[in-house]
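K.L.:
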Amino acid sequence: MSSPFLTAVNISHTFHDLPVLENISLEIQSGGFVALVGPSGVGKSTLLRILAGLLRPSSGDIHMADGSRQEPIGLVFQRDNLMPWRTVAENVRLPLELMGVNGREANGRVQAMINLVGLVGFEQRYPAQLSGGMAQRVALARALVHEPLFLLLDEPFGALDALTRERMGLELLRIWEAMPVTVLLVTHSISEAVFLADEVLVMGSRRPNTERPATITHRIPTGLPRPRDLAMERTAVFQDCVTAVRAAIESGV
Amino acid sequence: MNTLRTQPTWLTAVISFAFLILGWQLLVTIGGYEKFILPGPLDVWQQLKIVVGDGRLLRHSLITISEIIPGLLIGCLVAAPLGYLLAKSPLAERLLSPYLIASQAIPIIAIAPLLTIWISSVYWSRVAVAALVVFFPILINMVVGLRSVPSELYELMHVLKADAGQIFRKLEFPAALPVFMAGLKIGATLAVIGALVGEFVQPQSRGLGFLLIMARQSFKTDLVFVILLTLATIALSLYGLVALLEKRVLRWKLQK
Numbered sequence: 666m667s668s669p670f671l672t673a674v675n676i677s678h679t680f681h682d683l684p685v686l687e688n689i690s691l692e693i694q695s696g697g698f699v700a701l702v703g704p705s706g707v708g709k710s711t712l713l714r715i716l717a718g719l720l721r722p723s724s725g726d727i728h729m730a731d732g733s734r735q736e737p738i739g740l741v742f743q744r745d746n747l748m749p750w751r752t753v754a755e756n757v758r759l760p761l762e763l764m765g766v767n768g769r770e771a772n773g774r775v776q777a778m779i780n781l782v783g784l785v786g787f788e789q790r791y792p793a794q795l796s797g798g799m800a801q802r803v804a805l806a807r808a809l810v811h812e813p814l815f816l817l818l819d820e821p822f823g824a825l826d827a828l829t830r831e832r833m834g835l836e837l838l839r840i841w842e843a844m845p846v847t848v849l850l851v852t853h854s855i856s857e858a859v860f861l862a863d864e865v866l867v868m869g870s871r872r873p874n875t876e877r878p879a880t881i882t883h884r885i886p887t888g889l890p891r892p893r894d895l896a897m898e899r900t901a902v903f904q905d906c907v908t909a910v911r912a913a914i915e916s917g918v
Numbered sequence: 142m143n144t145l146r147t148q149p150t151w152l153t154a155v156i157s158f159a160f161l162i163l164g165w166q167l168l169v170t171i172g173g174y175e176k177f178i179l180p181g182p183l184d185v186w187q188q189l190k191i192v193v194g195d196g197r198l199l200r201h202s203l204i205t206i207s208e209i210i211p212g213l214l215i216g217c218l219v220a221a222p223l224g225y226l227l228a229k230s231p232l233a234e235r236l237l238s239p240y241l242i243a244s245q246a247i248p249i250i251a252i253a254p255l256l257t258i259w260i261s262s263v264y265w266s267r268v269a270v271a272a273l274v275v276f277f278p279i280l281i282n283m284v285v286g287l288r289s290v291p292s293e294l295y296e297l298m299h300v301l302k303a304d305a306g307q308i309f310r311k312l313e314f315p316a317a318l319p320v321f322m323a324g325l326k327i328g329a330t331l332a333v334i335g336a337l338v339g340e341f342v343q344p345q346s347r348g349l350g351f352l353l354i355m356a357r358q359s360f361k362t363d364l365v366f367v368i369l370l371t372l373a374t375i376a377l378s379l380y381g382l383v384a385l386l387e388k389r390v391l392r393w394k395l396q397k
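Protein chains in written order, with my numbering: chain A, 666 to 918; chain B, 142 to 397.
1) Any beta-carbon of chain B closer than 8 Å to the one on Glu762 (chain A)?
2) Would you call the CB atoms of Arg877 (chain A) and Val685 (chain A) closer than 8 Å?
3) How many angstroms separate the CA atom of Ile250 (chain B) from the CA atom of Glu340 (chain B)?
4) Going by CA-CA distance only, name the one from B:Gly350, B:Leu241, B:Ser262 and B:Ala233 that's closest to Leu370 (chain B).
5) So what does DSSP say about Val702 (chain A), is it helix, strand or coil?
6) By the 7 Å beta-carbon criterion, what residues does the segment 794-819 of chain A contribute toward chain B?
7) Give me the Cβ distance between Leu814 (chain A) and Ser916 (chain A), rounded to the nearest whole Å; I'm assuming they're in contact under 8 Å.
8) Quick check: the Cα distance between Leu716 (chain A) and Leu818 (chain A), rounded to an integer number of angstroms?
9) Just checking: is the beta-carbon of Pro315 (chain B) within a distance shorter than 8 Å of some beta-carbon in chain A?
10) In chain order, what residues of the segment 280-299 of chain B put their CB closer than 8 Å to some CB of chain A?
11) Identify the contact partners of Pro625 (chain A) in chain B, using a Cβ-Cβ distance below 7 Å as the criterion.
12) What are the start and end residues of the alpha helix (DSSP H) that includes Val383 (chain B)?
13) List, in order along the chain, the chain B residues whose C-beta lies closer than 7 Å to that of Ala717 (chain A)?
14) Pick helix, strand or coil for Leu816 (chain A), following the three-state DSSP scheme.
15) Name the residue from B:Met298, B:Val284 and B:Val268 whose alpha carbon lies nearest to the alpha carbon of Ser230 (chain B).
16) Determine the DSSP secondary structure at Val674 (chain A), reduced to helix, strand or coil.
17) May I ask which residues mark the beginning and end of the alpha helix (DSSP H) holding Asn780 (chain A)?
18) Buried or exposed, going by whether 16 or more other CB atoms sit within 10 Å of the CB of Val803 (chain A)?
19) Quick one: residues in its chain with C-beta nearer than 6 Å to the C-beta of Leu325 (chain B), no 5 flanking neighbours on either side, listed in chain order?
20) Note down the Cα distance separating Leu866 (chain A) from Leu895 (chain A), rounded to an integer number of angstroms.
21) Please work out which residues of its chain come closer than 7 Å, Cβ to Cβ, to Ile204 (chain B), disregarding the five sequence neighbours upstream and downstream, and give them in chain order.
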């Protein structure tokens, strides 16, 4: 087993005197793919923002593998959040511009990323001219163009239709396998979490009749082999895992 | 933003203008008004030829325009950074916004005489009035524009380790630009009003405002009409110029 990429110890967070997160500890292996599920409003996005370094937790520590704290990370939201005044290629180039990578090298990396997410021919389009699925691919390309070590996805496919969502999941796996990146995916789709991740973390509250403060109540390894394909969704291993995650979510609240 | 751009074709514009002139002439003919109460279109046309011919209209117009443009620019240059400060600093907003809003409750015509007391130069006191009128809409649009930047884009910039300068250049400036340009269009027409108010308060022998006062005092109502039409033309041209600039800098908005 590889060394842990990220270790969070006893993270608690209080928002305006309201305890939101309580004693959350978790470990993500280097190059791992972890999914975070739980009922809406449970604080999944808050935890993601803490792990992204956007939010300082009220207490607790986060350790990351040497030097990775300073590295820019990759971030994708539910809404694509592309800059409407930039073309597809310019949006993908943004992280490189901020890091001072310019010229031919930047162009090459942008083009390679656009190839990888299958948007060849759309480089000069503006976000308003793209479908939801295409815009989300651009957001994914923007999150990965600077080759981050850590990719955080906050319900990235939540606004897409079921078929596009499935295809995007497969593409994400393909890209993840081609890059040395550690992924944390927040989702409200149990089957998506089981299909994509090595391990599913279930968030909920240990107290009856309330969602707050939330903690990680279950860790469920999916046990599915890689590479994954859609046929695996019909296997008993997959179905059992989905059932286990659902039971964990229901018992947790 | 499309409501102002869905212009009628030039033909309908010509027809509606023709009807306006016809209605105007009918009103004069049927009403039988004296020329100093309501001059007809032909009287105004004659007067226009006179003041264009002797160069008076151009001379006074150029002076007024030379007050409008610096007024607009100075108003922008003061309002835009202040708007940035108000949008970014809650403390600055709490400290300043009550005064800014209160200042808008006082009509410009009441403040203008004060400015002429404080600024001895006739020219600069007029520019100051124009700048003051422009100031508020630019300020408000700057604040609204900056507040419209999605918080998730700020988060994205932070995880990419962008510094404050990069956040301004690559996120805040382009994101606020559409709303700022809308404010600039309003400001452009208001600058015309501001310069004219400045000239009314300081009507020292030059500018369209001075000419207007002279025309009214000597009951040359046809000349008043000529000046009003000139002011409207200046305002429309300025608005058109800003709209053109907007089209250039917001080219991405035109893509379908």
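Built from N, CA and C at the ideal position, the CB exists for glycine as well.
P.N.:
Once the coordinates are examined:
1) yes
2) yes
3) 11 Å
4) B:Gly350
5) strand
6) Gln794
7) Actually they are not in contact, since the Cβ atoms of Leu814 (chain A) and Ser916 (chain A) sit about 34 Å apart, beyond 8 Å.
8) 12 Å
9) yes
10) Pro291, Glu293, Leu294, Glu296, Leu297, Met298 and His299
11) It is not possible to answer for residue 625 (chain A), since the shown part of chain A is limited to 666 through 918.
12) Thr362 to Val390
13) Val300
14) strand
15) B:Val284
16) strand
17) Gly768 to Leu781
18) buried
19) Val383
20) 22 Å
21) Arg347 and Gly348
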